[in-house]
Structures are given as structure tokens and as C-alpha cells.
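Residue numbers (the UniProt record's numbering): 1 to 662.
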């Protein structure tokens, strides 16, 4: 039976150096000592994540947990200054928070961490530091390798979301503090703005896998994590590679769960809600309470095996079924080699000859938003047929029997190029008999990089090279009559920033192969799929402007292809402290098909805040563009106060950086 709960809407957590972090607590009303759940984020517990927090922490508290939601230093109402993602300050502060929480009279000293994305990252990173009180982690949509599998680079290629995410964090970090909690709000607000790192430039400066990215990448030492980990994500999310890797390589109990979801907790997925609460409680009941919850007996890997569903960019339910693998890696998955042949065939035997990959910079228009779940809608990959027509495609014959893929396909290429900087984008697609092509997996590779991504050098035109790399994780069932397609291109805009010049990539077919993780077994084990989402509380805010979103693609007079999106996240009045918060963002991606160096990204964010006579507006503008030698980044903030919009702070930043084999 659920317990009565109580809580503290705002409290201060003292740090050893005298700074204080802002937090909110939910806990059982009955006196006693309980295990605790910590969520530690930079997204503002008093407005940013308050609606989502209301759907999770009260549920966990009613099941006998003390729940603490903490704002990272320099964010929300916390004191101090923000310095970067997953910095030493953030992680050492996190250790102090864990120690403080473990010492509270309501806590029995056993703490679990939960989080999606940022909170999923720092949960793993704090676990690797082995703080005494941290006994278990639920990590959602996270990574084990900050260079290879985050929002900055992919296979050594620059993701446009390096600039996009930086623009979003810029907008987030320029929001004001709450005058009700911080009498020094104006001075602290201006100081935050003035000292904000130029993250888009800082991250781009580290375009190789150097110590900057190795710090916090738990794949550097799997043995460092001694707390059991439940790793969760969804196939519509960008972060699909971590859960199977954690299940395979951690030396402590670790389970992987991948559903059909986008970048959201599963119970609030727009695609199909599932019982996220039950999964979390089973895990923490075992490792924090010592209960026989069944967590240890779960299959190593539970996942939603997708099938073809006529993809569109709009949110709609997936098609497929739940499966489970008792052990991961699984003896039910074997690698099968398919060779790239002439006339665009995927075949059993090697072939001779050459095939050329050369395409306009606009390939990728059907790729969707890199990290689906962060916009209102119109963000999923659609029918790939248009992009396929501009790519070099290699198809199987129509399948006589179904084919199931589970794991990471690998691509082996022997190639030469005609330019010193080049990349290749590989997509696996399920092509229905009617020609509709659904993306199964994809990944890019900067061909200037060696295997470690720690070094890069310009390619010698005409020289033969070889490379092998893994695509992203997948779980997909191809029906009989469908074809499996490998589509290769030299660009994938707007997900990946294009190379500086059009490239002709020549494949030497005798050295080219696709290695597929093909799954077959005599009998399925029980999938133990998560149940449908249970009822959960919601935040009863007064909506003053409803959310909405649009997406528009068009061609300018000179042939430049433009994607413009507008996401109005609406406005609402908080039911606890009465602040009205509203926000929207407009983004624009543009490139000329014949000139990849023309690629440009711009965004404009606006946040508004009001309570009584107090009003604040923050406008942030961002641009990234390039030429054949450099990238050029610019940003600006205009922060105003009052109905007359009196300027409080106006500041611009700009920086140019060499492309450096990008």
C-alpha cells in the first residue's frame, strides 16, 4: 500500500567550500530512516523539470524512498558558477551531496541515483568514483563514451547538435534566479551570463578523442563501477549504444532495457508509455532495501524488436514485439558477412570492381532530429527512399524468410577519395515491397581518423585505405519479401556537418563487406516486458499558452535547401510558487546541394518569467557557419527586466576555429 508523503519545496544543501545547492525533497510522512533516490541536474528543479519531477519522485516516495532533486552549481537557484558538462566541480559537488543525504535523519545511508541524459551521465560517472553511499544506479539515455556517443561527435564526424545543444544550454544558463529564494538574484544573474563558457567553441576545440572526452567516459575503466546498474533507453532516442555495452562489460549486476521510446522517461513517452516506475522500484528495492524483487533474475537484455511501420516524422506508435536475451552477448546472435557487389547487390561472395559514392550535400533530409524527444513533434526519421535515391545502395534480394538483427552491424570498406577530407555515412534500411524505406541503424565515419579517433590526418587523393567501424545498436525484424539495404553517402545533413568540399568516394569492392548481427533461436525466453504505464501524478499548472510546433522544408531561389522549425513550449503558471514561465525556439538549417561548405545553423531562443510586478525576458541568438578552412561561431544574449524591457545585460561572443580534418 502506498504511503502518505510529505516534502520540502526548497532546501539548501551546504557544500564544504561554503556554497549551497538548491534542492527539493519528497519523503514518506511517517518518521523513520529510508533509502534515498537522488536526481542531480542543471535544468532547474523549480520550473524546468518540475512537471516531470511531479510524475516520478512522489511515486517513489510513496513506496518508501526519500527523493532529492538537486540543481547543479550555477544553475537554477544554486550558488556558484556553471563551468561545463560533467566537470570536476559537478562531480565533486555530487559526492558532497551524496554524503550530506546519507547523513540526514530520514535516510538510512543507502542511496540510488536516477536520471535521463545529463542525470544518466553523471549517475554513471559518480558511480565510477565509488562514493560509499551510492549503492545502485538507474541510467536512462546515457553514454559510456563521451566522444563516440554523445551529442558532439559521431565516428569522428562533427554533429550539428554540437552547436544546437550548446545553443540550448546557452539559453538555459542565461535564465534568471528566483527573487523569492535569491535576494541577490540580479547580481548573480548578470555574473552567470558574463562568465558562461562558450561551449560550442570549447567542445569543437576538442575534435579528437583526447583527455577532455576520456574524463567521465566510463569505458576507460569498466571495473571502476561497483554499484549495480539498470540501463534504459529507446530506439527513437539517440543514445542506444550504452545499455548493451553496460550489460556486456560491467563486472557488477547490470541489465539493459530498450523500448520503442524517444528521449523521455518511458511512462511519458509520446510513442507508447510503459511502466518506468515499476522498473525503477524493482531495481532499487533489491539494491537499496535488500528485497527479493526479482531484479537479479531479469534477462541481461530486454528489448523491443521493431518491424517496418511506414515511418513518418510525426510521433506515432511503433510496430514490433518484446524479446529477451538471458545473457549478453548472446549465443543466439552470430555475425554473418555480406559482401558489397556490383549493380548494388549485397551478396554472399566477394566481388571485384569499383563503385563510386558521390552525392549532393542535402542527403539526410529524411533523417529526423538527432535526439528525438526534445521538440514538440516532427522529429522522427521518415521514409528514407528520397535519401536512398541520392546514395549508393546495396540491397539483398527480397527475403525468402524473415531476418532478425540484434546488436551492432559492422562495415568494412576499402576505398580511395579525390579530396583530402572525407566522411562516409552508412544507413541500414528495411525496404518494403512498395518501396518505403525505414531506417534501422546508421552511423558516420570521418575517414581522416585512425581507429582510436585520437589522431587524424588529411587523406591522400587516390591512395587506397581500409576502415572498419560499427553502426549503432539495433533490434529489427525484417519480414519475408522485404529487402535489407545498405545506403552509403558522403554527407548526412543536418545531423552531421558536411565535409568542406564535394567528395567522390571510390569503393574497391573486393575489400568491402557488411557484417550483420543475425539472431536466430529455437525458442524464445519470456520477454518480461515492462507493463503499460501506471497512473501517476501530474503537475497541475495553469496553462496560459498551449505548446505547438511546426517544421517546414523549402528551396531558395539559388537551390539552397532550408529546414526551419519552430517549437513553442507554451507558458504556464506554477501551482506552488506562482511564477509564469514561457519559452520557444526557432531553428534554421541550410545548405546548398553543390556546396557543403555553405552549411549554416542558426537558432533563436526566448524565455519569459513573470510573477506579480516582476518580469524578465531572455533572448539568445546563435549561429554556426563555415568555409573550407574554418568554422565561425557567434552568439548573443539580451536580458531585460520589467514591462518596459529595460536591458540588464547584453553580450556577444564570436570565435573562428580551423576545420582540422572535419
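For glycine and all other residues, C-beta sits at the position ideal for the given N, C-alpha and C.
This structure is a prediction, so every number in the text was calculated from the model and none was measured.
query: Boundaries of the beta strand (DSSP E) in which residue 608 is found, first to last residue; result: 595-611
query: Cα-Cα separation between residue 483 and residue 311, rounded to whole angstroms; result: 16 angstroms
query: Residue 79 versus residue 47: straight-line alpha-carbon distance, rounded; result: 17 angstroms
query: Distance between beta carbons of residue 491 and residue 364, contact taken as under 8 angstroms; result: 7 angstroms
query: Segments assigned alpha helix (DSSP H), at least 4 residues, entirely inside the stretch 36-70; result: 50-62
query: Beta-carbon spacing of residue 591, residue 565 below 8 angstroms; result: no
query: Secondary structure of residue 686, DSSP reduced to three states; result: Only positions 1 to 662 of the chain appear in the structure, and residue 686 is not among them; the question remains open.
query: With 16 other Cβ atoms within 10 Å as the buried cut-off, status of residue 489; result: buried
query: Pairwise C-alpha distance: residue 414 and residue 667; result: Summary: the structure shown does not reach residue 667, with the chain confined to residues 1 through 662, and so no result is reported for it.
query: Where residue 463 sits in the DSSP three-state scheme; result: coil
query: 6 angstroms CB neighbourhood of residue 551 in its chain, flanking five on each side removed; result: 378, 565
query: Counterpart residues of residue 23 in DSSP-defined beta bridges; result: 11, 70
query: Stretch pair the stretch 258-266 + the stretch 216-225: three plus CB contacts closer than 8 angstroms; result: no
query: Collapsed DSSP secondary structure at residue 108 in the structure displayed; result: strand
query: Nearest-angstrom Cα separation, counted from residue 243 out to residue 334; result: 19 angstroms
query: Beta-carbon spacing of residue 13, residue 118 below 8 angstroms; result: no
query: Span of the beta strand (DSSP E), counted from its first residue to its last, around residue 655; result: 646-658
query: Close Cβ partners of residue 76 (< 7 angstroms) along its chain, the five nearest in sequence each way excluded; result: 22, 44, 45, 46
query: Range of the contiguous alpha helix (DSSP H) that encloses residue 127; result: 118-128
query: Closest by C-alpha distance to residue 511, when choosing among 411, 586, 368, 425; result: 411
query: Limits of the unbroken alpha helix (DSSP H) element including residue 375; result: Taken as a continuous stretch (DSSP letters only), residue 375 belongs to no alpha helix (DSSP H), as it is neither H nor E.
query: Cβ contact (3+ pairs, closer than 8 angstroms) linking the stretch 574-587 and the stretch 599-617; result: yes
query: Residue 553 beta carbon less than 8 angstroms from that of residue 543; result: no
query: Burial state of residue 154, where buried means 16 or more other Cβ atoms lie within 10 Å; result: buried
query: Nonlocal neighbours in the same chain, by C-beta distance under 7 angstroms from residue 521, ignoring five residues either side; result: 332
query: Anticipated Cβ contact below 8 angstroms, residue 229 with residue 248, distance rounded; result: Actually they do not touch by this definition, with Cβ atoms about 12 angstroms apart.
query: contact_flag[the stretch 53-66, the stretch 126-143] where n(CB pairs < 8 angstroms) is 3 or more; result: no
query: Secondary structure, beta strand (DSSP E): runs of 3+ residues fully inside the stretch 284-368; result: 301-306, 320-325, 333-341, 345-347, 354-357
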